[in-house]
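Asks:
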Amino acid sequence: GQLELKDKSLLIQAGFIDNTHVKTTASGKRFPVFDPARGVEIASFPDMNTEDAERAIQAAKNALPEWSQKTAKERSAILRKWYDLILQNEDDLARILTWENGKPLAEALGEIRYGASFFEWFSEEAKRLYGEVIPSPSRQQRMMAIRQPLGVVGIITPWNFPNAMITRKFGAALAVGCTVVAKPASETPLSALALCELGMRAGVPKGVIGIVTTHTDTKAIGKHFCESLDISGISFTGSTAVGKVLLKQSADTVKKMSLELGGNAAFIVFEDADLEKAVDAAIMAKFRSSGQTCICVNRFYVHSSIKDKFASLMGERVKKFQVGSGFDNSTTHGPLINQRAVEKVHSHVEDALQHGAKLVTGGTHDKDSSADSGIHGYFYPPTVLADMKTNMKMATEETFGPVAGIFSFETEDEVLEAANKTRFGLAGYFFSNDVSRCWRVAEKLQVGMVGVNTGAISSEVAPFGGIKESGMGREGARQGLDEYTQYKYINMAV
Ligand code: ADP
Numbered sequence: 026g027q028l029e030l031k032d033k034s035l036l037i038q039a040g041f042i043d044n045t046h047v048k049t050t051a052s053g054k055r056f057p058v059f060d061p062a063r064g065v066e067i068a069s070f071p072d073m074n075t076e077d078a079e080r081a082i083q084a085a086k087n088a089l090p091e092w093s094q095k096t097a098k099e100r101s102a103i104l105r106k107w108y109d110l111i112l113q114n115e116d117d118l119a120r121i122l123t124w125e126n127g128k129p130l131a132e133a134l135g136e137i138r139y140g141a142s143f144f145e146w147f148s149e150e151a152k153r154l155y156g157e158v159i160p161s162p163s164r165q166q167r168m169m170a171i172r173q174p175l176g177v178v179g180i181i182t183p184w185n186f187p188n189a190m191i192t193r194k195f196g197a198a199l200a201v202g203c204t205v206v207a208k209p210a211s212e213t214p215l216s217a218l219a220l221c222e223l224g225m226r227a228g229v230p231k232g233v234i235g236i237v238t239t240h241t242d243t244k245a246i247g248k249h250f251c252e253s254l255d256i257s258g259i260s261f262t263g264s265t266a267v268g269k270v271l272l273k274q275s276a277d278t279v280k281k282m283s284l285e286l287g288g289n290a291a292f293i294v295f296e297d298a299d300l301e302k303a304v305d306a307a308i309m310a311k312f313r314s315s316g317q318t319c320i321c322v323n324r325f326y327v328h329s330s331i332k333d334k335f336a337s338l339m340g341e342r343v344k345k346f347q348v349g350s351g352f353d354n355s356t357t358h359g360p361l362i363n364q365r366a367v368e369k370v371h372s373h374v375e376d377a378l379q380h381g382a383k384l385v386t387g388g389t390h391d392k393d394s395s396a397d398s399g400i401h402g403y404f405y406p407p408t409v410l411a412d413m414k415t416n417m418k419m420a421t422e423e424t425f426g427p428v429a430g431i432f433s434f435e436t437e438d439e440v441l442e443a444a445n446k447t448r449f450g451l452a453g454y455f456f457s458n459d460v461s462r463c464w465r466v467a468e469k470l471q472v473g474m475v476g477v478n479t480g481a482i483s484s485e486v487a488p489f490g491g492i493k494e495s496g497m498g499r500e501g502a503r504q505g506l507d508e509y510t511q512y513k514y515i516n517m518a519v
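The opening residue of the sequence shown carries number 26 in my numbering; numbering runs sequentially from there.
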């Protein structure tokens, strides 16, 4: 039950305001954090309320003048040092992440490095926040546009990437001179606190980053962020339903919003695809984090001529998965985040089976595969379903679990229509060896990100984000800075 760490001081069960650990709140309440692989409590955090959140906001507000007036090079140096410290502590950070989130240790380590890459990237981009000198149409006026930080940014992050969803936002915000107040998911606050500890060691001044830990007052604190006159922007990653609530709540103060919401990615395999490569990519794009990422595939569309072959190849691969604790070296796939997630995934499978889907593998709800080892966590067996139909829940809802549902199609037009028939528009993938088709389909998929002959698209150098109800704004890349800055146009008469 104990977590072995090289540096035990990274395990912090507190909120974080003004570079101080906040261990108690006015109410004195705490909320538990569970190990999803065993279903037992592993930590507890102060259950902060809006008063505590307000203190964090004021701390960030007070820190803003000094932080925003540092040179970009100074901020860059701190971010770079933070990046180095993360890599030096990557094993501990990965262990903390696996403990609270459940993903296999190797995957957790991957997330830590991916998360760190945003600090590396934005420490470089910090120095390149160029404005513009605009050729003036008037001889008497000179025109330019400079870029300025938004101010204090309210950040709300999910549990599926407890590290990287925070660094992706912090990196960009801090690079341009914003200060931040973040509310991590109550399922995974340990990673957030460990990160802040390293930030403090890297020299992040007090007040620049704040962490509000809460469970009971999640909604109230979200509303408080949105309505606060001291917060200028909200950056949120999570469900579409909550994203809409935040957008509405922010209307009265006209905040700048950056929203990374749910997805319902299609993965299309055309008849001219390299089938083996497509299956490899499909496994990655579907089952990473046990299907709990927003760019995970939700719908496979496979040409009718190869659908059976694809389903059986996929089934063979999935049968070899080892489901278990993320700390076990043989584990390829960890648990889901909580029991509610298990129930939801199961309901999607049951619904598909009731409507005539064919079970290729998985699909049983008992804790079979790993129960022998005495594990009683939130597991769901990786599942492959064939003969999917449009009237099934999986066709339109986000499953967010280890279930691959395979639909079939005949023509390119038909499959594009099916793939686009959703209000989501985050990621899409397809496999084809026809170059013209690759261009056509990449352009016609209604999504923010497309993987052509690949299932791995995330990178700190590329703009991540969605269209339609999958959100607004882009994270990472050069564009990531736009979310945290405003242009100021200056006209100078001569
Ligand atoms: P998920 O299904 O991934 O848990 P959520 O959108 O519910 O997606 O959660 C993402 C983040 O949003 C978490 O930090 C969660 O605590 C927070 N959250 C949930 N509901 C609200 C709300 N009404 N206002 C603000 N934040 C919320």
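Backbone N, C-alpha and C fix where the C-beta goes; we use that ideal spot for every residue, glycine too.
How should L89 be labelled, buried or exposed, when 16 other C-beta atoms within 10 angstroms of its C-beta is the threshold for buried?
Replies: By 1-based counting over the sequence shown, the position of residue 89 is 64. Counting Cβ neighbours within 10 Å, L89 comes out buried, since at least 16 surround it.
Asks: Taking the CB atoms as reference points, tell me whether V178 and S260 lie closer together than 8 angstroms.
Replies: Indexing the sequence shown from 1 puts residue 178 at position 153. Indexing the sequence shown from 1 puts residue 260 at position 235. Yes.
Asks: For L254, does the count of other Cβ atoms within 10 angstroms reach 16, so buried, or fall short, so exposed?
Replies: Residue 254 sits at position 229 when you count from the first residue of the sequence shown. It is exposed - the Cβ of L254 has fewer than 16 other Cβ atoms within 10 Å.
Asks: Of the choices G135, K33, T204, whose alpha-carbon is the least far from that of A84?
Replies: Residue numbering aside, residue 84 sits at position 59 when the sequence shown is read from its first letter. Comparing Cα-Cα distances from A84 to each of G135, K33, T204, the minimum goes to T204.
Asks: Name the two residues that bound the continuous alpha helix (DSSP H) containing Q364.
Replies: Along the sequence shown, read from residue 1 onward, the residue named residue 364 stands at position 339. Unbroken alpha helix (DSSP H) run through Q364: 364-379.
Asks: Using only alpha-carbon positions, find the residue among V237, E125, G258 that is nearest to E76.
Replies: For this step, residue 76 is matched to residue 51 along the sequence shown. Nearest option by C-alpha distance: V237.
Asks: Given this structure, state the Cα-to-Cα distance separating Q364 from F59, to the nearest angstrom.
Replies: For this step, residue 364 is matched to residue 339 along the sequence shown. For this step, residue 59 is matched to residue 34 along the sequence shown. The straight-line gap from Cα to Cα measures roughly 11 angstroms.
Asks: Taking only runs of the alpha helix (DSSP H) that begin and end inside the stretch 286-313, which ones reach a length of at least 4 residues, in chain order?
Replies: For the stretch 286-313, whole alpha helix (DSSP H) runs of length 4 or above, ordered along the chain, are 300-312.
Asks: Rounded to a whole number of angstroms, what is the C-alpha to C-alpha distance between H328 and L215?
Replies: For this step, residue 328 is matched to residue 303 along the sequence shown. For this step, residue 215 is matched to residue 190 along the sequence shown. Taking the straight line joining both Cα atoms gives about 44 angstroms.
Asks: In the stretch 36-123, which residue ranges form an unbroken beta strand (DSSP E) of at least 3 residues, counting only runs that do not cross its ends?
Replies: Listed in chain order, they are 40-42, 45-47, 55-60, 65-71.
Asks: Assuming A24 and I482 make a contact with CB atoms under 8 angstroms, what is their CB distance in whole Å?
Replies: Given a span of 26 to 519 for the chain in the structure shown, any question on residue 24 remains unanswerable.
Asks: Quick one, which of E99, K332, I320, A366 has its alpha-carbon nearest G490's?
Replies: For this step, residue 490 is matched to residue 465 along the sequence shown. Among E99, K332, I320, A366, the Cα nearest to that of G490 belongs to I320.
Asks: Looking only at its chain, what residues have a beta carbon closer than 6 angstroms to the beta carbon of M225, apart from the 5 residues adjacent to it on each side?
Replies: Residue mapping note: residue 225 aligns to position 200 of the sequence shown, counting from 1. The residues are N44.
Asks: Please name the residue or residues paired with V386 in a DSSP beta bridge.
Replies: Along the sequence shown, read from residue 1 onward, the residue named residue 386 stands at position 361. First, the amino acid is wrong: residue 386 is Thr here, not Val. In the DSSP output, where bridge partners are listed per residue, T386 has V409.
Asks: Is the beta carbon of L112 closer than 8 angstroms to that of A151?
Replies: Within the sequence shown, the letter at position 126 stands for residue 151. Within the sequence shown, the letter at position 87 stands for residue 112. Contact: no.
Asks: Spell out the partners DSSP gives R172 in its beta bridges.
Replies: Within the sequence shown, the letter at position 147 stands for residue 172. For R172, which the question treats as bridged, DSSP gives the partners Y512.
Asks: Any chance the stretch 45-54 sits against the stretch 64-71, with 3 or more Cβ pairs inside 8 angstroms?
Replies: Segments in contact, yes.
Asks: Exposed or buried, I515, counting other C-beta atoms within 10 Å across all chains shown (16 or more means buried)?
Replies: For the purposes of this step, residue 515 is taken as residue 490 along the sequence shown, with counting starting at 1. Counting Cβ neighbours within 10 Å, I515 comes out exposed, since fewer than 16 surround it.
Asks: What does a CB cutoff of less than 6 angstroms around V367 pick up in its chain, not counting 5 residues either side in sequence?
Replies: Locating residue 367 in the sequence shown gives position 342, where the first residue counts as 1. The answer, listed in chain order, is L361, Y403, Y405.
Asks: Ignore the nearest five residues each way along the sequence and tell me which others in D117's own chain have a CB closer than 6 angstroms to its CB.
Replies: Counted from its first residue, the sequence shown places residue 117 at position 92. Counting only Cβ-Cβ distances below 6 angstroms, and skipping sequence neighbours, we find L30, K31, D32, L35.
Asks: Evaluate the contact criterion for the stretch 308-323 versus the stretch 415-432: three or more CB pairs, one atom per stretch, below 8 angstroms.
Replies: Verdict: yes, contact present.
Asks: When the distance is taken between beta carbons, is V304 closer than 8 angstroms to F335?
Replies: As a working mapping, residue 335 is identified with position 310 in the sequence shown. As a working mapping, residue 304 is identified with position 279 in the sequence shown. It is a contact, given that the beta carbons lie within the stated cut-off.
Asks: Which residue from H373, N289, A276 puts its Cα closest to that of S264?
Replies: Walking along the sequence shown from the start, residue 264 turns up at place 239. Comparing Cα positions, the closest option is N289.
Asks: Whole angstroms is fine: what's the gap from K269's alpha carbon to E508's?
Replies: Residue numbering aside, residue 269 sits at position 244 when the sequence shown is read from its first letter. Residue numbering aside, residue 508 sits at position 483 when the sequence shown is read from its first letter. Between K269 and E508, the C-alpha separation is close to 18 angstroms.
Asks: Which term fits A131, buried or exposed, when burial requires 16 or more other beta carbons within 10 angstroms of its beta carbon?
Replies: On the sequence shown, position 106 is the one that residue 131 refers to. By the neighbour-count rule (16 or more Cβ atoms within 10 Å), A131 is not buried but exposed.
Asks: Taking only the alpha-carbon atoms, compute the straight-line gap between A420 and F432 and give it to the nearest angstrom.
Replies: Indexing the sequence shown from 1 puts residue 420 at position 395. Indexing the sequence shown from 1 puts residue 432 at position 407. Answer to the nearest angstrom: the Cα atoms are 9 angstroms apart.
Asks: Could you tell me the alpha carbon to alpha carbon distance between Y512 and R167, rounded to whole angstroms?
Replies: Taking the sequence shown and counting its residues from 1, one reaches residue 512 at position 487. Taking the sequence shown and counting its residues from 1, one reaches residue 167 at position 142. Cα to Cα, Y512 sits roughly 16 angstroms from R167.
Asks: Between which two residues does the beta strand (DSSP E) carrying M225 extend?
Replies: What you label residue 225 is simply residue 200 of the sequence shown in a count that begins at 1. Counting along the chain, M225 falls outside any beta strand (DSSP E), though it belongs to the alpha helix (DSSP H) covering 214-227.
Asks: What's the C-alpha gap between G127 and H240?
Replies: Counted from its first residue, the sequence shown places residue 127 at position 102. Counted from its first residue, the sequence shown places residue 240 at position 215. Their backbone Cα atoms lie some 19 angstroms apart in a straight line.
Asks: Suppose the cutoff is 8 angstroms on Cβ atoms and the five residues either side in sequence are ignored; what does the same chain contact list for D299 look like?
Replies: For the purposes of this step, residue 299 is taken as residue 274 along the sequence shown, with counting starting at 1. F456, N458, N478, listed in sequence order.
Asks: Mind the definition here: the stretch 268-283 touches the stretch 491-501 only if three or more C-beta pairs lie below 8 angstroms; say whether that holds.
Replies: Yes, they touch.
Asks: Buried or exposed: K369, going by 16 or more other Cβ atoms within 10 Å of its Cβ?
Replies: The sequence position of residue 369 within the sequence shown is 344, counting from 1. Its Cβ being crowded by 16 or more others within 10 Å, K369 is buried.
Asks: Does at least one heavy atom of the ligand ADP sit under 7 angstroms from the Cβ of V270?
Replies: Taking the sequence shown and counting its residues from 1, one reaches residue 270 at position 245. Yes, the Cβ of V270 comes within 7 angstroms of a heavy atom of the ligand ADP.
Asks: Exposed or buried, what is T510 when buried is set at 16 or more other beta-carbons lying within 10 Å of its beta-carbon?
Replies: Along the sequence shown, one-based indexing puts residue 510 at 485. Counting Cβ neighbours within 10 Å, T510 comes out buried, since at least 16 surround it.
Asks: Is the separation between the beta-carbon of P230 and that of W107 shorter than 8 angstroms?
Replies: Within the sequence shown, residue 230 is the residue found at index 205, counting from 1. Within the sequence shown, residue 107 is the residue found at index 82, counting from 1. No, they are not a contact pair.
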